Amino acid sequence: MDDIVLEMKHISKQFVGVKALDDVSLSVRRGEVHAICGENGAGKSTLMKILNGIYRADSGEIWLNGKLRNIQSPEEAHKAGLSIIFQEFNLVDTLSVAENIYLGRLREKGVKLNWRAIERRAEEQLKNIGAEIDPRIAVSRLSVSQKQMVEIAKALSYDANVIVMDEPSATLTDKEAQKLFSVISDLKKKQITVIYISHKMDEVFALSDRITVLRDGVAVSTAATKDTTRREVIASMVGRAMENEYPVRQGRRTDETVMRVTHIRRKPVLHDVSFEVKKGEILGIAGLVGAGRTELVRAVFGADPVSEGQIEIKGVQKKIKSPMDAIKNGVALVNEDRKELGLVLKFPIAENISICKIGSIVRKGFIQRKQENRIAEEYTGKLAIKSTSCRQKCVFLSGGNQQKVVLAKWLYADADILLLDEPTRGIDVGSKYEIYKWINRLADAGKAVVMISSELPEILGLSDRILVLHRGKVAGEFENEDKTATAEEIMSCAIG
Ligand SMILES: Nc1ncnc2c1ncn2[C@@H]1O[C@H](COP(=O)(O)OP(=O)(O)OP(=O)(O)O)[C@@H](O)[C@H]1O
Ligand SMILES: [Mg+2]
10 MDDIVLEMKH ISKQFVGVKA LDDVSLSVRR GEVHAICGEN GAGKSTLMKI
60 LNGIYRADSG EIWLNGKLRN IQSPEEAHKA GLSIIFQEFN LVDTLSVAEN
110 IYLGRLREKG VKLNWRAIER RAEEQLKNIG AEIDPRIAVS RLSVSQKQMV
160 EIAKALSYDA NVIVMDEPSA TLTDKEAQKL FSVISDLKKK QITVIYISHK
210 MDEVFALSDR ITVLRDGVAV STAATKDTTR REVIASMVGR AMENEYPVRQ
260 GRRTDETVMR VTHIRRKPVL HDVSFEVKKG EILGIAGLVG AGRTELVRAV
310 FGADPVSEGQ IEIKGVQKKI KSPMDAIKNG VALVNEDRKE LGLVLKFPIA
360 ENISICKIGS IVRKGFIQRK QENRIAEEYT GKLAIKSTSC RQKCVFLSGG
410 NQQKVVLAKW LYADADILLL DEPTRGIDVG SKYEIYKWIN RLADAGKAVV
460 MISSELPEIL GLSDRILVLH RGKVAGEFEN EDKTATAEEI MSCAIG
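And the structure:
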């Protein structure tokens with residue numbers, strides 16, 4: 010008999026207007042890596058939040074480590090042997106890394122608080138997962154990927170025998186992701202069970218023993234990884250077969266240079282980068298993490314000050330000192346961290362979409378809500394954003410759907426130059442295809458698109474030209490209008 014460590018039986022959950030989970034059953038074996046796949050809004054995070062006591066199921070049972078549980082809070086989940094790495098960060102920015110890892114566990118009964126010991130323990134936890142982060146510094150000073158590493162260290166610091174990871178690699182660098190994968194295989198050796206949620210099929214197939222697919226709140230299949238294929242999993246996720254991963258572009262780029270960036274520098278990362286982008290062109294920017302890709306687009310957008318360099322837009326030199334200047338000059342940035350610059354989570358979807366072009370819906374000093382809603386409905390429809398209505402607040406959307414709202418906002422802003430930093434992060438396969446079509450359509454409509462992606466196939470599948478950065482400099486440029494560039498040449502250039 011299989012040794013079952015966790016059983017969720019007939020779980021249902023209704024939110025206002027959405028049935029997030031409909032009679033879902035999931036059974037997980039001891040020591041396995043069990044992947045959960047599904048489109049954005051399929052119910053993956055909700056199922057895990059119920060398991061963890063954050064949400065209460067409307068009906069159903071949870072059996073964990075042999076007992077029927079009634080888990081009411083994350084603390085109780087920890088006691089029952091369960092720990093979770095959340096899709097959204099749960100760190101307190103103003104506290105130190107060590108404080109965050111041991112939050113809520115600092116006071117041990119009768120023992121005086123020993124800071125040094127706590128910091129040492131935190132440091133050790135971080136080292137175990139290969140993260141070199143000073144436990145004393147404030148979380149606010151960490152990069153997105155470092156925050157994710159702290160989340161992972163925190164989850165592992167509980168002595169759990171079931172660990173849930175909700176898209177843990179979405180924000181990690183390649184190197185950190187490799188570390189995480191070796192941590193997962195160590196956990197497996199210790200018979201610790203991992204429930205792994207990811208939109209990256211490569212990872213799912215490399216790591217997991219079994220795969221469960223959720224679609225629209227229903228568990229549609231569970232299969233042993235070795236007995237299924239990527240195609241089958243994608244087909245059961247989207248409910249239809251998908252032929253191509255990249256749509257073919259209708260138009261071609263022009264010879265007209267829209268933006269020329271020369272000798273841009275920003276210490277300590279960017280050392281002299283120059284590039285240009287043409288009307289109707291999709292310029293892909295490849296490079297390893299730390300090569301300066303995000304820094305480059307942030308500098309061009311005026312989000313960070315530069316020490317040197319010029320930006321010309323349509324032949325005229327421009328001073329871009331702030332994102333406002335950039336927006337005025339028709340430049341938009343879809344950035345990596347949707348929580349930071351991307352969205353006002355407390356605001357409804359419609360207001361987030363119209364925010365950059367609010368002038369277009371103001372009449373006599375009043376915002377025309379009807380018009381705002383009409384616009385929002387158009388975009389939520391086009392991008393298949395899953396929501397109860399366009400007045401729903403963004404906090405209540407699934408992670409991938411929040412990312413789509415960020416995209417919708419910039420599409421509506423109608424900028425001439427679009428800087429996209431990892432635009433499809435956390436987005437499911439089917440929606441990715443829709444977003445690729447949009448990117449193509451924008452380029453066909455004469456926009457200039459600069460796209461950063463860590464997924465090389467995405468860069469190769471979409472770009473007309475590829476710029477490779479290495480240590481803050483341009484290490485190479487590849488023509489790719491006819492999709493002739495290869496992963497090997499880009500990688501070897503990116504490695505330097
Ligand atoms: N607190 C909430 N209030 C209302 N609706 C919610 C809430 N949390 C989730 N939902 C809705 O429940 C559905 C499932 O969301 P969930 O976050 O579980 O999706 P997911 O599978 O994790 O998607 P993603 O891949 O985008 O992270 C979505 O329609 C979402 O909008
Ligand atoms: Mg989720």
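If you use this note's numbering, the sequence shown corresponds to residues 10 to 505, in order. Built from N, CA and C at the ideal position, the CB exists for glycine as well. Since the model is a prediction, treat every value here as computed from it, not as a measurement.
Listed in chain order, the non-local C-beta contacts of Val404 below 8 Å within the same chain comprise Leu354, Lys355, local neighbours out to five positions each way being set aside.
Counting C-beta pairs with one atom in each stretch, the segment 402 to 418 and the segment 433 to 444 have three or more that are closer than 8 Å, which means they touch. The alpha-carbon of Ile80 is positioned some 7 Å away from that of Asn61. In the three-state reduction of the DSSP assignment, Tyr205 falls in the strand class.
With a threshold of 6 Å, the Cβ atom of Gly47 does not count as near ligand 2, since no heavy atom of the ligand is closer than that.
In the structure shown, Ile110 falls within a helical segment according to DSSP collapsed to helix, strand and coil.
With a cutoff of 7 Å on beta-carbon distance, His272 and Tyr167 are scored as not near each other. Annotation: Lys413 is outside any beta strand (DSSP E); the continuous alpha helix (DSSP H) that includes it extends over 408 to 422. In the structure shown, Arg307 adopts helical secondary structure according to DSSP, grouped into three states. Ile448 and Glu386 have their C-alpha atoms roughly 20 Å apart. Residue burial is scored here from C-beta neighbours: Ser217 has at least 16 other C-beta atoms within 10 angstroms and is therefore classed as buried. DSSP lists Ile376 as the bridge partner or partners of Val371. Across the set Phe214, Ala169, Asn170, the C-alpha of Phe214 shows the shortest separation from the C-alpha of Phe190.
Note on geometry: alpha-carbon atoms of Lys330 and Gly311 lie some 5 Å from one another.
In chain order, Ile448, Ala452, Val458, Met460, Leu471, Ser472, Asp473 place their CB closer than 7 Å to the CB of Ile291, counting only its own chain and leaving out the 5 sequence neighbours on each side. Every unbroken stretch of the beta strand (DSSP E) spanning 3 or more residues and falling wholly within the segment 209 to 267 is given here in chain order: 219 to 224, 227 to 233. Residue state for Glu497 is assigned as helix, using DSSP reduced to three classes. Classified as buried, Leu427 has 16 or more neighbouring CB atoms from the shown chains inside 10 Å of its CB.
Per the C-alpha coordinates, the member of Trp124, Val42, Asp67 positioned closest to Gln23 is Asp67.
If you check the CB distance, Leu30 and Thr55 come in under 7 Å. Taking all protein chains shown into account, Asn170 has 16 or more neighbouring C-beta atoms within 10 Å of its C-beta and is therefore buried. For the pair Ala107 and Glu128, the CB atoms are nearer than the 7 Å cut-off. Two segments are said to touch when three or more pairs of C-beta atoms, one from each, lie closer than 8 Å; by this definition the segment 482 to 489 does not touch the segment 203 to 210. A direct Cα-to-Cα measurement between Lys391 and Cys399 gives close to 13 Å.
Thr55 carries a helical assignment under DSSP once its states are collapsed to helix, strand and coil.
In this structure, ligand 2 has no non-hydrogen atom nearer than 6 Å to the beta-carbon of Lys28. Under the three-pair Cβ rule at 8 Å, the segment 69 to 78 does not count as touching the segment 237 to 250.
It is roughly 29 Å from the alpha-carbon of Lys198 to the alpha-carbon of Glu241. Checking the 6 Å criterion, the Cβ of Gly408 is within range of a heavy atom belonging to ligand 1. Between Met174 and Ile110, the C-beta spacing is not below 7 Å.
The beta-carbon distance between Leu297 and Ala503, rounded to whole angstroms, is 5 Å. This is short enough to meet the 8 Å contact definition. At a threshold of 6 Å, Gly439 does not count as near ligand 1, since its beta carbon sits no closer than that to any of the ligand's heavy atoms.
At the C-beta level, Leu100 and Lys156 come within 7 Å of one another.
A residue is called buried once 16 or more other Cβ atoms fall within 10 Å of its Cβ, and Glu133, having fewer, is exposed.
Our two residues, Lys482 and Val309, have alpha carbons roughly 15 Å apart in a direct line. Contact between Pro432 and Val343 holds, since their C-beta atoms are separated by about 5 Å, short of 8 Å.
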